[in-house]
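S.K.: Residues in the sequence shown are numbered from 0 upward in steps of one, following numbering that gives the first Met the number 0.
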Amino acid sequence: MRFFERLSDKFSNIIKSLNCFSTPPFPPSQKALDAHYAYEQNLRYADFKRTVGRPMHPKVTVWYERDPGRAPNVQPMCMDEMGPHLVKEILVMLPILLADLPFKVCGLGALAAYGFTSRLPIYMTLACPEQSFKAILDWAKVAGMPAHPEDRSCFGIQLQDGTVRQVKVEPISDYAYHATDSTRYGPSNVRIVTLAALLDALAEIYVRDTINQSQRGALQKDIMWLLRRIIDEDSDVHKLRRETCPHVWHPLFWSRFNLERPDARMLFNQATFVPDYRPATSLQPASPTDDLVPQYTPPLRRVGNRSVGHRQLLL
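Dropping the structure here:
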């Protein structure tokens, strides 16, 4: 019996000298060492042989892989011009997609909805308050709308013809959002900026020094079209008013535009616009120097790498 014990001790020393047991990842406690030594002394030779090469503390390897989540639905957007039927189809889908979220359809898409055909939009523009910007994009993502491959402020809407059309979301301040007149449009009651708000946005751009003569000529045609459209609409919602159209009522725009387009005076009168050369705060009679009133510049905001007035976002 003692022979086998001495033989077991000899084998134990040999195994320890050969480092058959792997080093644990951390130093074992004295209690663990004592328990292992007692267990090792009580092993028979046949049982001890099966433990050769096994680690004292098996190391459990666990692989943690990052969950990539659901892959974004990214699809190429169709950048062709949209006719009136495609614009109206998008206007029907927007209130269903973005229910109970504040937004207003603006830009060239709003002009196309009113029947403007000189230029057709390639995407729809939505103006929204700054705090609703992320909510609109997240809601569109949850609804399964395609994401734009490059611009994160855009999402796509798939139409019945199979094309994916781009919808661009522009955040503006709360004051600018509520100061911009809008109305319900079509059977879906989507909120869209009024003709007067679009005309006021064009008037703000018209008097800028950065506009060349050819661009100013194109703006003149657009303003004349809007005036005729307001007259044809014959609605109090779209009428020109001082509180809703500060740039149209500004003497600088009024004098310059009527000087270049004398036929516009009759259209302004038919659109219930009453020309007034004097500033609203002045009680003095009009003078020839009233045309030299400095240009009114609305508060600027950053859009990308440029600063623009909030009403320029309407176009």
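A virtual CB, placed ideally from N, CA and C, is assigned to each residue, including glycine.
No experiment lies behind these values; they were computed from the predicted model shown.
Let me know the alpha helix (DSSP H) ranges lying completely inside the segment 70-120, each 4 residues or longer, listed in chain order.
M.R.: 83-96, 106-112
S.K.: May I have the straight-line CA-CA distance separating Ala270 from Thr243, to the nearest angstrom?
M.R.: So the two alpha carbons sit approximately 14 Å from each other.
S.K.: How far does the alpha helix (DSSP H) with Ser213 in it reach, from first residue to last?
M.R.: 212-232
S.K.: Could you tell me whether the segment 128-148 touches the segment 207-217, using the rule of 3 or more Cβ pairs below 8 Å?
M.R.: no
S.K.: Starting from Lys167, trace the alpha helix (DSSP H) in both directions and tell me its first and last residue.
M.R.: Here Lys167 belongs to no alpha helix (DSSP H); instead the beta strand (DSSP E) covers 163-171.
S.K.: Count the other CB atoms, across all protein chains shown, that sit within 10 Å of the CB of Tyr176; report buried if there are 16 or more and exposed otherwise.
M.R.: buried
S.K.: Measuring only the C-alpha atoms, how far is Ala217 from Arg241?
M.R.: 25 Å
S.K.: Mark Leu258 as exposed unless 16 or more other C-beta atoms lie within 10 angstroms of its C-beta, in which case mark it buried.
M.R.: exposed
S.K.: Kindly list the residues whose CB is nearer than 6 Å to the CB of Asp275, restricted to its own chain and excluding five residues on each side of it in sequence; keep chain order.
M.R.: Note on Asp275: pLDDT 48, under 50, position unreliable in the model; the coordinate value appears next. Cβ within range, chain order: n/a, list empty.
S.K.: I need the DSSP call for Ser11, collapsed to helix, strand or coil.
M.R.: helix
S.K.: Give a yes or no on whether the minimum CB-CB distance between Lys140 and chain C is below 7 Å.
M.R.: Among the protein chains of the structure shown there is no chain C, as only one such chain exists.
S.K.: Going by beta carbon distance, what residues of the same chain come within less than 6 Å of Glu88, once the five residues before and after it are set aside?
M.R.: Only Leu158 meet the Cβ criterion.
S.K.: Please list, in chain order, all residues of the same chain as Gly82 whose beta carbon is under 7 Å from its beta carbon, the five residues on each side excluded.
M.R.: In the same chain as Gly82, and ignoring 5 residues on each side of it, the C-beta atoms closer than 7 Å to its own belong to Leu119, in chain order.
S.K.: Is the distance from the Cβ of Leu251 to the Cβ of Ile229 below 7 Å?
M.R.: no
S.K.: Just curious, the beta strand (DSSP E) that Leu125 is in, first and last residue?
M.R.: 122-128
S.K.: Measuring straight from C-alpha to C-alpha, what distance separates Val247 and Trp253?
M.R.: Trp253 has its alpha-carbon roughly 7 Å from the corresponding atom of Val247.
S.K.: Can you check DSSP and say which residues form a bridge with Tyr184?
M.R.: Looking at the DSSP assignment, Tyr184 forms a beta bridge with Val189.
S.K.: Under 8 Å Cβ to Cβ from Lys103, same chain only, skipping five residues before and after it: list those, please.
M.R.: Leu125, Ala126, Cys127, Tyr176, Thr179, Ser181, Arg190, Ile191, Val192
S.K.: Hey, Gly108 and Val86: beta-carbon distance below 7 Å or not?
M.R.: yes
S.K.: Would you report the Cα separation of Glu169 and His147, rounded to the nearest angstrom?
M.R.: 15 Å
S.K.: Short of 7 Å in beta carbon distance, which residues of its chain neighbour Val236, apart from the five on each side in sequence? Order them along the chain.
M.R.: Within the same chain, Val236 has close Cβ partners Thr182, Thr193.
S.K.: Can you tell me which of the three DSSP states Ala142 falls into?
M.R.: coil
S.K.: Using the beta-carbon count (16 or more within 10 Å), is Asp150 buried or exposed?
M.R.: exposed
S.K.: Do you know whose CA, among Ser234, Tyr174, Met223, lies nearest Met265's CA?
M.R.: The option with the nearest alpha carbon to Met265 is Met223.
S.K.: Should His249 be labelled buried (16 or more other beta-carbon atoms within 10 Å of its own) or exposed?
M.R.: buried
S.K.: Quick check on this structure: which residue in Gln165, Lys220, Asp221, Ser234 has the alpha carbon closest to the alpha carbon of Met78?
M.R.: Gln165
S.K.: According to DSSP, is Gln157 helix, strand or coil?
M.R.: Of the three classes helix, strand and coil, the one that applies to Gln157 here is strand, per DSSP.
S.K.: Please classify Tyr122 as buried or exposed, where buried requires at least 16 other C-beta atoms within 10 Å of its C-beta.
M.R.: buried
S.K.: Could you give the C-beta distance for Ala111 and Tyr184, rounded to a whole number, given that I count them as a contact under 8 Å?
M.R.: The Cβ separation is near 12 Å, so there is no contact.
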